[in-house]
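Participant:
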Amino acid sequence: MSYALEVDNITVQYGQTAILKNISFTVQQGEIIGILGPNGSGKTTLLKAILGLVNLHQGNIKILGKNISDLTPKNRAKLAGMVPQKTETPFPFSVYEITLMGRYPHISYWEGYGEKDRAITSKALKDIGISNLANRFFSQLSGGEQQLSLLARLRAQDPSIFFLDEATSALDIKRKIESLDFICNFSKYKQKTLLTVFHDINLAALYCKRLLLIKNGSIKYDGPTSEILTPQKIMDIFETEVIITKHPLTGAPQVFFKPSLT
Amino acid sequence: MKPFNSKYKLAAIWTLLAFIYLCVITVGLKYGRYPTSWSQVLSIILGKSAQCDNPPVLKTIIFDLRMPRLIIATIVGAALASAGAVFQGLLRNPLADPFTLGVSTGAAFGATIALIVGVTSTITIPLAAMGGAFLTLAIVLFLAKDKEGLQPATMILAGIVVSTFLSALISLLKSLDEESLASIVFWMLGSFGGRDWSHVLFAAPYFIIGFLAVLAYSRDLDLLSLGELEAKQLGVPVYKSRLILMVASCLMTAAAVSVSGVIGFVGLVVPHIVRLLQGPKHGNLIITSAMLGAIVTVIADLLAKNLLSSGEELPVGVLTTLIGGPFFCYLLWQKKRISDKNFL
Numbered sequence: 011m012s013y014a015l016e017v018d019n020i021t022v023q024y025g026q027t028a029i030l031k032n033i034s035f036t037v038q039q040g041e042i043i044g045i046l047g048p049n050g051s052g053k054t055t056l057l058k059a060i061l062g063l064v065n066l067h068q069g070n071i072k073i074l075g076k077n078i079s080d081l082t083p084k085n086r087a088k089l090a091g092m093v094p095q096k097t098e099t100p101f102p103f104s105v106y107e108i109t110l111m112g113r114y115p116h117i118s119y120w121e122g123y124g125e126k127d128r129a130i131t132s133k134a135l136k137d138i139g140i141s142n143l144a145n146r147f148f149s150q151l152s153g154g155e156q157q158l159s160l161l162a163r164l165r166a167q168d169p170s171i172f173f174l175d176e177a178t179s180a181l182d183i184k185r186k187i188e189s190l191d192f193i194c195n196f197s198k199y200k201q202k203t204l205l206t207v208f209h210d211i212n213l214a215a216l217y218c219k220r221l222l223l224i225k226n227g228s229i230k231y232d233g234p235t236s237e238i239l240t241p242q243k244i245m246d247i248f249e250t251e252v253i254i255t256k257h258p259l260t261g262a263p264q265v266f267f268k269p270s271l272t
Numbered sequence: 013m014k015p016f017n018s019k020y021k022l023a024a025i026w027t028l029l030a031f032i033y034l035c036v037i038t039v040g041l042k043y044g045r046y047p048t049s050w051s052q053v054l055s056i057i058l059g060k061s062a063q064c065d066n067p068p069v070l071k072t073i074i075f076d077l078r079m080p081r082l083i084i085a086t087i088v089g090a091a092l093a094s095a096g097a098v099f100q101g102l103l104r105n106p107l108a109d110p111f112t113l114g115v116s117t118g119a120a121f122g123a124t125i126a127l128i129v130g131v132t133s134t135i136t137i138p139l140a141a142m143g144g145a146f147l148t149l150a151i152v153l154f155l156a157k158d159k160e161g162l163q164p165a166t167m168i169l170a171g172i173v174v175s176t177f178l179s180a181l182i183s184l185l186k187s188l189d190e191e192s193l194a195s196i197v198f199w200m201l202g203s204f205g206g207r208d209w210s211h212v213l214f215a216a217p218y219f220i221i222g223f224l225a226v227l228a229y230s231r232d233l234d235l236l237s238l239g240e241l242e243a244k245q246l247g248v249p250v251y252k253s254r255l256i257l258m259v260a261s262c263l264m265t266a267a268a269v270s271v272s273g274v275i276g277f278v279g280l281v282v283p284h285i286v287r288l289l290q291g292p293k294h295g296n297l298i299i300t301s302a303m304l305g306a307i308v309t310v311i312a313d314l315l316a317k318n319l320l321s322s323g324e325e326l327p328v329g330v331l332t333t334l335i336g337g338p339f340f341c342y343l344l345w346q347k348k349r350i351s352d353k354n355f356l
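Just so you know, the protein sequences line up as chains R and P, in that order. For the first sequence, the positions run 11 to 272 when the numbering used here is used. For the second sequence, the positions run 13 to 356 when the numbering used here is used.
1. Hey, how far is the Cα of S94 of chain P from the Cα of M264 of chain P?
2. If we ignore side chains and look at the alpha-carbon of each, how far apart do L343 of chain P and T148 of chain P end up?
3. Kindly provide the ranges of any alpha helix (DSSP H) runs that are 4 or more residues long and lie completely inside the region 233-259 of chain P, ordered along the chain.
4. Would the beta-carbon of P164 of chain P fall within 7 Å of that of R104 of chain P?
5. Tell whether a beta-carbon distance below 7 Å holds between T131 of chain R and T99 of chain R.
6. Residues in its own chain within less than 7 Å of T55 of chain R by CB, not counting five upstream and five downstream?
7. Leaving out five residues on either side along the sequence, give the residues of the same chain with a beta carbon under 6 Å from the beta carbon of S12 of chain R.
8. Just the C-alpha distance for F192 of chain R and P169 of chain R, rounded to the nearest angstrom, thanks.
9. Would you say P83 of chain R faces chain P, with C-beta separation under 7 Å as the test?
10. Which full runs of the beta strand (DSSP E) of 3+ residues lie inside the region 214-241 of chain R, going along the chain?
11. In terms of residue numbering, what span does the alpha helix (DSSP H) encompassing K186 of chain P cover?
12. Can you confirm whether the region 168-175 of chain P touches the region 101-116 of chain P when touching is taken to mean that 3 or more C-beta pairs between the two stretches lie within less than 8 Å?
13. Closer than 6 Å by C-beta to K244 of chain P: which residues in its own chain qualify, once you throw out the five before and the five after it? Chain order, please.
14. Answer yes or no: does any C-beta atom of chain P fall closer than 7 Å to that of A87 of chain R?
15. So what does Y24 of chain R bridge to, in DSSP terms?
16. Within 10 angstroms of the Cβ of M200 of chain P, are there 16 or more other Cβ atoms? Answer buried if so, exposed if not.
17. Tell me, please, which residues DSSP counts as bridged to L46 of chain R.
18. What residue range is occupied by the uninterrupted alpha helix (DSSP H) comprising M79 of chain P?
19. Does the beta carbon of Y217 of chain R come closer than 7 Å to any beta carbon on chain P?
20. Tell me the rounded alpha-carbon separation between I311 of chain P and G239 of chain P.
21. Going residue by residue through the region 56-90 of chain R, where are the continuous alpha helix (DSSP H) segments of at least 4 residues, counting only ones entirely within it?
22. Identify the continuous alpha helix (DSSP H) that holds K317 of chain P and give its terminal residues.
23. For I229 of chain R, which residues from the same chain have a beta carbon less than 6 Å from its beta carbon, with the 5 sequence-adjacent residues on both sides left out?
24. Using C-beta distances below 8 Å, list every residue in its chain close to E325 of chain P, excluding the 5 sequence neighbours before and after it, in chain order.
25. How would you write the range of the alpha helix (DSSP H) that I11 of chain P sits in, first residue to last?
26. Going by the DSSP bridge assignment, what does F267 of chain R pair with across the sheet?
27. Could you tell me whether the Cβ atoms of V207 of chain R and R146 of chain R are closer together than 7 Å?
28. With a 10 Å radius around its C-beta and 16 neighbouring C-beta atoms as the bar for buried, classify H257 of chain R as buried or exposed.
29. Pop quiz: F99 of chain P and P106 of chain P are said to be a contact at Cβ under 8 Å. What is the actual Cβ separation, rounded to whole angstroms?
30. Taking DSSP as the reference, what is the three-state secondary structure of T178 of chain R?
31. By the three-class DSSP mapping on this structure, what secondary structure does K157 of chain P have?
32. Since V207 of chain R is in the beta strand (DSSP E), which residue starts that stretch and which ends it?
33. So, for I342 of chain R: in the same chain, excluding its five sequence neighbours on each side, which residues have a beta-carbon less than 6 Å away from its beta-carbon?
34. L161 of chain R and V93 of chain R - do their beta-carbons sit closer together than 7 Å?
35. Give the secondary structure of K353 of chain P by DSSP, where H, G and I count as helix, E and B as strand, and everything else as coil.
36. According to DSSP, simplified to helix, strand and coil, what is F192 of chain R?
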């Protein structure tokens, strides 16, 4: 059986400090997976490592059966792409231009972006619901609008595996639910694999059937959402006491916090 | 969704600049130390000199003195401005240009060394300038590289330090060797005086190769200006693209400096103006910067040549810095006034 993603015993070090330690997991095509963990637990580094953006100290990563170290950057970008936490540019690029850059892995040096790429870019902006922002300067947008632009860019890039690094954290509730609905429906419909780093445990539980819980650079728990979200495991990972109930509509586990007000 | 008028706007800008350039060149053929009339210039350009009984020396003045000088100014302006646009995009810093990165001064240093050891050939001195430029770039790169890759801010600091150091060395060499004083001053201040077709033929190929290379990699440059990680994530072979862009811009700069000396501010200011005119996409930015850079440099040289009534020439580098410095301050002031961090 071939997997969308095989992570085999990877370790990532910055200097002497190990950020990720002996991480292994496999992902089937079309799976939607949430990654949770406290600040500094290595979630972002894990996504970067899978995309080949940081050097592996040891271990091996395969995307759709291909070893990432054997792939050219362009071919890797056709298979897997990411929405980063944020992007900064000192130059006044428009949202359209930023989104069009998602087509980079699909173009050749001399031909450049063609009509097809422009059509896909327009479609991506429409899908994410930000056609009206196309001519605005990216760097003048709010954090949420920037995240939507980067989502549109990933949609235009159109890889097989989508990585979202807290890509909806700055969105208002309406935009958050709309974007997650779109991405998850899109990934189901097109059999795209989706790995998303969440801060919001409840959103992760609503949209993901499988969760990875990371702490201190290791995967502590990996399994179906209903088995992973228990008060003991949340306590173990986040050192916070919670009560868990079922979502009244979907039945997904949802977390309530216990404030200690005096 | 892409504004339709942007394509027409670009076409309009290019047409306008091409027109201005032709005007400036025509004016440039007329004005110089030797008085010439419009009818003389026209008859010579159109090849009808014999019928109009012009002094024979006039043909030489126009074809072998004024024309190569105009073309040299064109190449140098285009090279510095497009190299500036590339360096700014690569380092994600609007203050980067061939001068702040030390590349220009490195080239001048190379030329100075050649002069000191007594080389006088028109081919060897430019080659020495190129060697100096590449060596400086290598040193700056080495200083700015750490475990996590190239640090753009460090690179500009390193560039300024190395550049200041080399300037001091040049001054030192200058005072030790009074004989070549005049020619060393030429490298420090920049001038197109006494340039001929051999200099055009020397600089043109390097400029053309460098220019085509940066154009081919202009889309990589767009992505690199979002930062190394973003570029890598979107599939840019970061090290290869950056190396090619850097070497190509260095080649253009060295070609320019080797025939004209250090000419400041063209590489810094021109890309700024162009970005305001038409946006930051580097492919078009490089092309328009080259055109505007050529126009600015040709005008600056015409002024340098004709401004003083005594017939003495000003060093063109002095003139570009005199105009460019205040203009850059004006841009900074505007930026502050609008308080829009993306103004530049």
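In this text, a Cβ means the ideal position worked out from N, Cα and C, and glycines have one as well. These numbers were taken from a predicted model, which means no experiment stands behind them.
Facilitator: The short version:
1. Here residue 94 of chain P refers to the residue found at position 82 of the second sequence. Here residue 264 of chain P refers to the residue found at position 252 of the second sequence. Between the C-alpha atoms of S94 of chain P and M264 of chain P there is a straight-line separation of about 8 Å.
2. The residue you call residue 343 of chain P lines up with position 331 of the second sequence. The residue you call residue 148 of chain P lines up with position 136 of the second sequence. Between L343 of chain P and T148 of chain P, the C-alpha separation is close to 29 Å.
3. Listed in chain order, they are 240-245.
4. For the purposes of this step, residue 164 of chain P is taken as residue 152 along the second sequence, with counting starting at 1. For the purposes of this step, residue 104 of chain P is taken as residue 92 along the second sequence, with counting starting at 1. With respect to the 7 Å criterion, P164 of chain P and R104 of chain P are classified as neighbours on the basis of their beta carbons.
5. Looking up residue 131 of chain R in the first sequence gives position 121. Looking up residue 99 of chain R in the first sequence gives position 89. For T131 of chain R and T99 of chain R, no; Cβs fall outside 7 Å.
6. Counting from 1 along the first sequence, the entry for residue 55 of chain R is found at position 45. Closer than 7 Å at the Cβ level, and outside the excluded window around T55 of chain R, lie V22, I29, L30, V64.
7. Position 2 of the first sequence holds residue 12 of chain R. So the qualifying residues of the chain are G75.
8. Here residue 192 of chain R refers to the residue found at position 182 of the first sequence. Here residue 169 of chain R refers to the residue found at position 159 of the first sequence. Cα to Cα, F192 of chain R sits roughly 16 Å from P169 of chain R.
9. Within the first sequence, residue 83 of chain R is the residue found at index 73, counting from 1. Chain P, which has a Cβ nearer than 7 Å to the Cβ of P83 of chain R, makes this yes.
10. Within the region 214-241 of chain R, the runs of beta strand (DSSP E) that reach at least 3 residues and sit entirely inside it are, in chain order, 220-225, 228-234.
11. Here the question's residue 186 of chain P lines up with position 174 in the second sequence. Note, K186 of chain P: alpha helix (DSSP H), 164-188.
12. In this structure the region 101-116 of chain P touches the region 168-175 of chain P; the number of beta carbon pairs closer than 8 Å is three or more.
13. Start at 1 with the first residue of the second sequence, and residue 244 of chain P comes out as number 232. Same-chain partners within the cutoff: V250.
14. Within the first sequence, residue 87 of chain R is the residue found at index 77, counting from 1. It does: the Cβ of A87 of chain R has a partner Cβ on chain P nearer than 7 Å.
15. Here residue 24 of chain R refers to the residue found at position 14 of the first sequence. Y24 of chain R is bridged to R:T27.
16. Along the second sequence, read from residue 1 onward, the residue named residue 200 of chain P stands at position 188. Looking at its Cβ environment, which holds 16 or more other Cβ atoms inside 10 Å, M200 of chain P is buried.
17. Taking the first residue of the first sequence as 1, we reach residue 46 of chain R at position 36. For L46 of chain R, which the question treats as bridged, DSSP gives the partners R:L223.
18. Start at 1 with the first residue of the second sequence, and residue 79 of chain P comes out as number 67. Judged by DSSP secondary structure, M79 of chain P falls within the alpha helix (DSSP H) whose first and last residues are 79-103.
19. As a working note, residue 217 of chain R is residue 207 in the first sequence. Using a CB distance cut-off of 7 Å, Y217 of chain R does not count as an interface residue toward chain P.
20. On the second sequence, position 299 is the one that residue 311 of chain P refers to. On the second sequence, position 227 is the one that residue 239 of chain P refers to. Whole-angstrom Cα-Cα distance: 36 Å.
21. DSSP runs (the alpha helix (DSSP H)) wholly in the region 56-90 of chain R: 83-89.
22. Residue numbering aside, residue 317 of chain P sits at position 305 when the second sequence is read from its first letter. Note, K317 of chain P: alpha helix (DSSP H), 294-318.
23. Working through the first sequence from its first residue, we reach residue 229 of chain R at position 219. Hits under 6 Å: I33, L222.
24. Start at 1 with the first residue of the second sequence, and residue 325 of chain P comes out as number 313. S203, G205, A316, K317.
25. Any answer about residue 11 of chain P is impossible in this case: the structure gives chain P only from 13 up to 356.
26. Reading the first sequence from its first residue, position 257 is the one you call residue 267 of chain R. Beta bridge pairing from DSSP links F267 of chain R with R:V252.
27. One-based indexing of the first sequence puts residue 207 of chain R at position 197. One-based indexing of the first sequence puts residue 146 of chain R at position 136. One thing to note: V207 of chain R has its Cβ no nearer than 7 Å to the Cβ of R146 of chain R.
28. Indexing the first sequence from 1 puts residue 257 of chain R at position 247. Residue environment analysis places H257 of chain R among the exposed positions, since fewer than 16 neighbouring C-beta atoms fall within 10 angstroms of its C-beta.
29. In the second sequence, the residue the question calls residue 99 of chain P occupies position 87. In the second sequence, the residue the question calls residue 106 of chain P occupies position 94. That pair is no contact at about 10 Å.
30. Here residue 178 of chain R refers to the residue found at position 168 when the first sequence is read from its first residue. DSSP places T178 of chain R in coil when its eight states are reduced to three.
31. Along the second sequence, read from residue 1 onward, the residue named residue 157 of chain P stands at position 145. Three-state DSSP puts K157 of chain P in a strand.
32. Residue mapping note: residue 207 of chain R aligns to position 197 of the first sequence, counting from 1. Counting along the chain, the beta strand (DSSP E) containing V207 of chain R begins and ends at 203-207.
33. Residue 342 of chain R is absent from the model: chain R starts at 11 and stops at 272.
34. Here residue 93 of chain R refers to the residue found at position 83 of the first sequence. Here residue 161 of chain R refers to the residue found at position 151 of the first sequence. Contact check for V93 of chain R against L161 of chain R passes: the beta carbons are separated by less than 7 Å.
35. For the purposes of this step, residue 353 of chain P is taken as the residue at position 341 of the second sequence. Caution applies to K353 of chain P, whose pLDDT of 46 falls short of 50 and renders its modelled position unreliable; the model cannot decide the point.
36. Walking along the first sequence from the start, residue 192 of chain R turns up at place 182. F192 of chain R: helix per DSSP, three-state reduction.
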